[in-house]
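**Student:** Those protein sequence lines, which keep their order, are chains A and B. Note that this note's numbering numbers the first sequence so that position 62 is 62, with each residue one more than the last. To convert a position in the second sequence, counted from 1, into this note's numbering, add 1000.
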Amino acid sequence: GAGVSQSPRYKVAKRGQDVALRCDPISGHVSLFWYQQALGQGPEFLTYFQNEAQLDKSGLPSDRFFAERPEGSVSTLKIQRTQQEDSAVYLCASSLDRFNSPLHFGNGTRLTVT
Amino acid sequence: DQQVKQNSPSLSVQEGRISILNCDYTNSMFDYFLWYKKYPAEGPTFLISISSIKDKNEDGRFTVFLNKSAKHLSLHIVPSQPGDSAVYFCANSGGYQKVTFGTGTKLQVIP
């Protein structure tokens, strides 16, 4: 019974580099969410998938952020031309179905842009 | 816009006593209110929830109270234990489960 797995655990990028963050949800979980957590803040919603369909991307801060889940399982969050303000912990969460099931979070990827 | 506010960034409580964590919200159009607990370097873990049609939900040492007229949510932990030391986030959820989090309250339980 593995939980949500995220990789890498830590990522340091130079400003302007592209990064890709991976999320392996719990097997069979339909819903998948990406959140961004800045230091001292609560997680902020980025985007939501139901299976392979991205149903809400209203939280993505700019068009440099892109997420995909092509086969309805593993998801990748890509950030192009990283900026210092992108430094944060990126959390992935999955849940079994859409009817108020609790979110199961991974341990996050801490991104530092220098 | 929906807002969930936790006005106390930190709280210290003696082991065995009650911990009360508070949360205010501004938008009443949500089905569920939740509490998540977060240890350092880990993701948040679900603790307890309450439907907007109820005013109390209890699970072991944890009880959540919902006061809809005051738009106020609270989490009571009795008795508090050192392992409860963590950051606690209140949150609300509506529709397909888009969860909105507060800024968190860091609880320290002193042995």
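Beta carbons are placed, not taken as given, at the ideal position from N, Cα and C, and that holds for glycine.
With burial defined as no fewer than 16 other Cβ atoms inside 10 Å of the residue's Cβ, what is the status of residue 18 of chain A: buried or exposed?
**Tutor:** Against the first sequence, residue 18 of chain A aligns to sequence position 18. So residue 18 of chain A ends up on the exposed side.
**Student:** Run through DSSP, which three-state label would residue 84 of chain A get?
**Tutor:** Taking the first residue of the first sequence as position 1, residue 84 of chain A is located at position 84. Reduced to three states, the DSSP call for residue 84 of chain A is helix.
**Student:** Out of curiosity, what's the CA-to-CA distance linking residue 8 of chain A and residue 16 of chain A?
**Tutor:** For the purposes of this step, residue 8 of chain A is taken as the residue at position 8 of the first sequence. For the purposes of this step, residue 16 of chain A is taken as the residue at position 16 of the first sequence. Cα-Cα distance, rounded: 19 Å.
**Student:** Residue 1098 of chain B CB to nearest chain A CB: under 8 Å?
**Tutor:** Reading the second sequence from its first residue, position 98 is the one you call residue 1098 of chain B. Closer than 8 Å: yes.
**Student:** Does any C-beta atom of chain A lie closer than 8 Å to the C-beta of residue 1089 of chain B?
**Tutor:** Residue 1089 of chain B sits at position 89 when you count from the first residue of the second sequence. Judged by the 8 Å Cβ criterion, residue 1089 of chain B is in contact with chain A.
**Student:** Taking any Cβ of chain B, which residues in the stretch 24 to 50 of chain A have a Cβ under 9 Å from it, in chain order?
**Tutor:** Residues passing the 9 Å Cβ filter: 31, 33, 35, 37, 40, 41, 42, 43, 44, 45, 48, 50.
**Student:** Taking buried to mean at least 16 other C-beta atoms within 10 Å of its own C-beta, is residue 1050 of chain B buried or exposed?
**Tutor:** Residue mapping note: residue 1050 of chain B aligns to position 50 of the second sequence, counting from 1. By the 10 Å Cβ count, residue 1050 of chain B comes out buried.
**Student:** List the endpoints of the continuous beta strand (DSSP E) containing residue 12 of chain A.
**Tutor:** Start at 1 with the first residue of the first sequence, and residue 12 of chain A comes out as number 12. Here the beta strand (DSSP E) through residue 12 of chain A covers 10 to 13.
**Student:** Let me make sure I understand the geometry here. Which of A:62, A:84, A:73 has the alpha-carbon closest to that of residue 24 of chain A?
**Tutor:** Within the first sequence, numbered from 1, the residue matching residue 24 of chain A stands at position 24. Nearest of A:62, A:84, A:73 to residue 24 of chain A, Cα basis: A:73.
**Student:** DSSP on residue 97 of chain A, reduced to helix/strand/coil?
**Tutor:** As a working note, residue 97 of chain A is residue 97 in the first sequence. In this structure, residue 97 of chain A counts as coil in the three-state DSSP scheme.
**Student:** Looking at residue 1036 of chain B: is its Cβ nearer than 8 Å to the Cβ of residue 1045 of chain B?
**Tutor:** Counting from one through the second sequence, the residue named residue 1036 of chain B turns up at place 36. Counting from one through the second sequence, the residue named residue 1045 of chain B turns up at place 45. In contact: residue 1036 of chain B and residue 1045 of chain B (Cβ atoms closer than 8 Å).
**Student:** Can you check which of these residues, B:1070, B:1109, B:1081, B:1061, is closest to residue 1023 of chain B by C-alpha distance?
**Tutor:** In the second sequence, residue 1023 of chain B corresponds to position 23, counting from 1. Nearest of B:1070, B:1109, B:1081, B:1061 to residue 1023 of chain B, Cα basis: B:1070.
**Student:** Can you check whether the CB of residue 105 of chain A is closer than 8 Å to the CB of residue 1100 of chain B?
**Tutor:** Position 100 of the second sequence, counting from 1, holds the residue named residue 1100 of chain B. Position 105 of the first sequence, counting from 1, holds the residue named residue 105 of chain A. It is not a contact, given that the beta carbons lie outside the stated cut-off.
**Student:** List the residues of chain B whose Cβ lies closer than 7 Å to the Cβ of residue 56 of chain A, in chain order.
**Tutor:** Numbered from its first residue, the first sequence carries residue 56 of chain A at position 56. In chain order: 1098.
**Student:** Mapping the DSSP letters down to three states, classify residue 18 of chain A as helix, strand or coil.
**Tutor:** Along the first sequence, read from residue 1 onward, the residue named residue 18 of chain A stands at position 18. Coil.
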